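A.B. asks: Residue numbers (the numbering used here): 191 to 467.
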Amino acid sequence: MGAGIPHHRDAWTAWAHEVDFPFRAAELEQAIELGEFAIDYQPIVATRSAAATGAEAMATWHHPRWGVLSQAVSYAIAERLGVSACISEYVVREVCRQLGQWNTQRSGALPISLRLSGARLCADGMPEHLARSVAEFGVAPAQLTLDIPEMPEREESQSLLDTLQRLRRKGFGIVLSDFCAHHTAMSTLLVLPVTGVKFSAPFTARLPQSTTAEAILSSVSRLAHDLRLTLTVSGVDHASQLEFLRKYRHIELQGDALFKPMSAQALVACVNGRGSS
191 MGAGIPHHRD
201 AWTAWAHEVD
211 FPFRAAELEQ
221 AIELGEFAID
231 YQPIVATRSA
241 AATGAEAMAT
251 WHHPRWGVLS
261 QAVSYAIAER
271 LGVSACISEY
281 VVREVCRQLG
291 QWNTQRSGAL
301 PISLRLSGAR
311 LCADGMPEHL
321 ARSVAEFGVA
331 PAQLTLDIPE
341 MPEREESQSL
351 LDTLQRLRRK
361 GFGIVLSDFC
371 AHHTAMSTLL
381 VLPVTGVKFS
391 APFTARLPQS
401 TTAEAILSSV
411 SRLAHDLRLT
421 LTVSGVDHAS
431 QLEFLRKYRH
441 IELQGDALFK
451 PMSAQALVAC
461 VNGRGSS
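#1: Taking DSSP as the reference, what is the three-state secondary structure of K437?
#2: Could you check what DSSP says for F393 in three-state terms: helix, strand or coil?
#3: From S453 to K437, what does the alpha carbon distance come to, in whole angstroms?
#4: On the three-state DSSP scale, how would you describe R305?
#5: Kindly list the residues whose CB is nearer than 7 Å to the CB of S411, restricted to its own chain and excluding five residues on each side of it in sequence; keep chain order.
#6: Going by the DSSP bridge assignment, what does R249 pair with across the sheet?
#7: Within the segment 265-342, note down every full beta strand (DSSP E) run reaching 3 residues or more, in order along the chain.
#8: For the putative contact between Q261 and A275, defined by C-beta atoms under 8 Å, what is the C-beta separation to the nearest angstrom?
#9: Go ahead and label P233 buried or exposed: buried means 16 or more other beta carbons lie within 10 angstroms of its beta carbon, across all protein chains shown.
#10: Using DSSP's beta-bridge definition, name the partner residues of T422.
#11: Tell me the rounded alpha-carbon separation between L432 and A403.
#12: Excluding sequence positions up to five away, which residues of its chain have a Cβ less than 6 Å from the Cβ of S323?
#13: Looking only at C-alpha atoms, which of F434, G425, A456 sits nearest to D446?
#14: With respect to the alpha helix (DSSP H) encompassing L417, which residues constitute its N-terminal and C-terminal limits?
#15: Does the beta-carbon distance from S349 to C312 come in below 7 Å?
#16: Since G361 and P331 are thought to touch, with beta carbons under 8 Å apart, how far apart are those beta carbons, to the nearest angstrom?
#17: On a Cα-Cα basis, can you pick out the residue from G463, Q455, R238, N462 that is closest to Q291?
#18: How far does the beta strand (DSSP E) with L366 in it extend, from its first residue to its last?
#19: Apply the 10 Å Cβ neighbour rule to T294 and answer buried if 16 or more other Cβ atoms are within range, or exposed otherwise.
#20: Please say whether T378 and V423 have beta carbons closer to each other than 7 Å?
#21: Can you tell me which of E223, S303, I222, A268 puts its alpha carbon nearest to the alpha carbon of T243?
#22: For A216, which three-state DSSP category applies?
#23: Return the residue from the list V387, L218, L435 that minimises the CA-CA distance to R418.
#24: Taking a contact to mean a Cβ-Cβ separation below 7 Å, would you say L271 touches A216 in this structure?
#25: Return the Cβ separation of P317 and L357 in integer angstroms, given the expectation that the two are a contact with Cβ distance under 8 Å.
#26: What does V461 pair with, by DSSP beta-bridge criteria?
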């Protein structure tokens with residue numbers, strides 16, 4: 191974490207309003223060219239088999255002054271500067287390049303999830319960029335899962351639906367992240383062509399103490415199983431949460447209590463049984 195810069199997005203937002211904002215758009219764009227951005231991968235593990243079923247790609251900015259800035263903070267900076275597209279495009283291409291390399295090496299590549307906002311996914315050129323990137327590196331669209339963290343405004347929802355339907359027809363996986371964080375969560379399952387849902391850290395933080403959260407998880411777990419959707423619980427950062435969640439036999443878990451984000455090389459070792467958390 192960079193000295194003086196909060197790691198979490200909400201805390202960073204408050205900090206950014208209190209100081210003379212120290213970042214410029216040209217600096218961020220140059221950082222990508224200079225290789226200051228790196229992508230780590232956090233494994234996603236099935237409770238039934240205890241095996242890794244995928245991983246989430248996480249971009250971090252290794253800033254020469256501020257140190258390592260998390261993905262949440264890096265994206266928040268880019269959004270404030272109006273250049274979030276450059277990070278999204280970099281992450282898509284780099285993940286596809288890495289998947290292509292794993293395919294060539296027959297390294298047992300896992301499906302990789304990418305977090306893209308609905309607005310970014312609908313932006314001019316992003317669906318085409320996804321299609322070009324998988325084609326360039328010989329990656330099957332099914333090897334990529336797109337995590338959509340929120341629903342756009344009503345007037346933009348039709349555009350998102352059209353985009354997701356096109357991408358799903360091509361074979362990309364689509365997961366609705368931050369599930370139950372918005373009042374429209376259940377209704378979106380009726381219209382969006384999703385292949386899975388994901389609970390995020392704020393929900394997971396309520397487990398195992400909250401009986402309400404436990405009831406919601408149990409209900410959604412049964413619903414996802416009936417609808418043949420994957421259900422991932424992310425933000426599993428404590429041993430007590432991990433022990434509690436292992437009783438659910440049809441879900442997937444992600445968090446520091448299982449594996450911390452790791453390099454591409456470490457992920458291969460993990461998948462092949464040579465890595466540790």
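The beta carbon of each residue, even a glycine, is placed where N, CA and C say it ideally should be.
Since we're looking at a predicted model, the values are computed, not measured.
C.D. replies: Working from what's here:
#1: Sequence index remark: in the sequence shown, residue 437 carries index 247 (1-based). Of the three classes helix, strand and coil, the one that applies to K437 here is coil, per DSSP.
#2: Here residue 393 is taken as the residue at index 203 of the sequence shown, counted from 1. If DSSP states are grouped into helix, strand and coil, F393 belongs with the helices.
#3: Taking the first residue of the sequence shown as 1, we reach residue 453 at position 263. Taking the first residue of the sequence shown as 1, we reach residue 437 at position 247. So the two alpha carbons sit approximately 30 Å from each other.
#4: Residue 305 sits at position 115 when you count from the first residue of the sequence shown. DSSP places R305 in the strand class (E or B) of the three-state scheme.
#5: As a first step, residue 411 is located in the sequence shown; it is residue number 221 there, counting from the start. L421, Y438, H440, I441, listed in sequence order.
#6: Reading the sequence shown from its first residue, position 59 is the one you call residue 249. Here the sequence assigns Ala to residue 249, which means Arg is not the residue at that position. Paired residues: I229.
#7: Look at the segment 265-342 and you find these whole runs of beta strand (DSSP E), each 3 residues long or longer: 302-305, 334-338.
#8: On the sequence shown, position 71 is the one that residue 261 refers to. On the sequence shown, position 85 is the one that residue 275 refers to. At roughly 16 Å, the Cβ-Cβ gap does not stay under 8 Å, so Q261 and A275 are not in contact.
#9: The sequence position of residue 233 within the sequence shown is 43, counting from 1. Under this definition P233 is a buried residue.
#10: Counting from one through the sequence shown, the residue named residue 422 turns up at place 232. For T422, the beta-bridge partners assigned by DSSP are K388, E442.
#11: Residue 432 sits at position 242 when you count from the first residue of the sequence shown. Residue 403 sits at position 213 when you count from the first residue of the sequence shown. Taking the straight line joining both Cα atoms gives about 15 Å.
#12: If you number the sequence shown from 1, residue 323 lands on position 133. Excluding positions up to five away in sequence, the list reads V282, R283, C286.
#13: Taking the sequence shown and counting its residues from 1, one reaches residue 446 at position 256. Minimum Cα distance to D446 is reached at G425.
#14: Stepping through the sequence shown from its first residue, residue 417 is reached at position 227. L417 -> alpha helix (DSSP H) spans 401-417.
#15: Indexing the sequence shown from 1 puts residue 349 at position 159. Indexing the sequence shown from 1 puts residue 312 at position 122. Yes, Cβ-Cβ distance for S349 and C312 is below 7 Å.
#16: Translated into the one-based positions of the sequence shown, residue 361 becomes position 171. Translated into the one-based positions of the sequence shown, residue 331 becomes position 141. Distance from G361 to P331 at the Cβ level is roughly 4 Å; contact confirmed, criterion being Cβ atoms closer than 8 Å.
#17: By 1-based counting over the sequence shown, the position of residue 291 is 101. Scanning G463, Q455, R238, N462 for the CA closest to the CA of Q291 turns up Q455.
#18: Your numbering for residue 366 matches position 176 in the sequence shown. Taken as a continuous stretch (DSSP letters only), the beta strand (DSSP E) holding L366 covers 363-366.
#19: Translated into positions along the sequence shown, residue 294 becomes position 104. Exposed.
#20: Within the sequence shown, the letter at position 233 stands for residue 423. Within the sequence shown, the letter at position 188 stands for residue 378. Not a contact, by the Cβ cut-off of 7 Å.
#21: Here residue 243 corresponds to residue number 53 of the sequence shown, with the count starting at 1. Taking only the C-alpha atoms, the option nearest T243 is S303.
#22: By 1-based counting over the sequence shown, the position of residue 216 is 26. If DSSP states are grouped into helix, strand and coil, A216 belongs with the helices.
#23: For the purposes of this step, residue 418 is identified with residue 228 of the sequence shown, where counting begins at 1. Here the closest residue by C-alpha is V387.
#24: Translated into the one-based positions of the sequence shown, residue 271 becomes position 81. Translated into the one-based positions of the sequence shown, residue 216 becomes position 26. For L271 and A216, no; Cβs fall outside 7 Å.
#25: One-based indexing of the sequence shown puts residue 317 at position 127. One-based indexing of the sequence shown puts residue 357 at position 167. Contact holds; Cβ gap of about 6 Å.
#26: Locating residue 461 in the sequence shown gives position 271, where the first residue counts as 1. Per DSSP, none; premise fails for V461.
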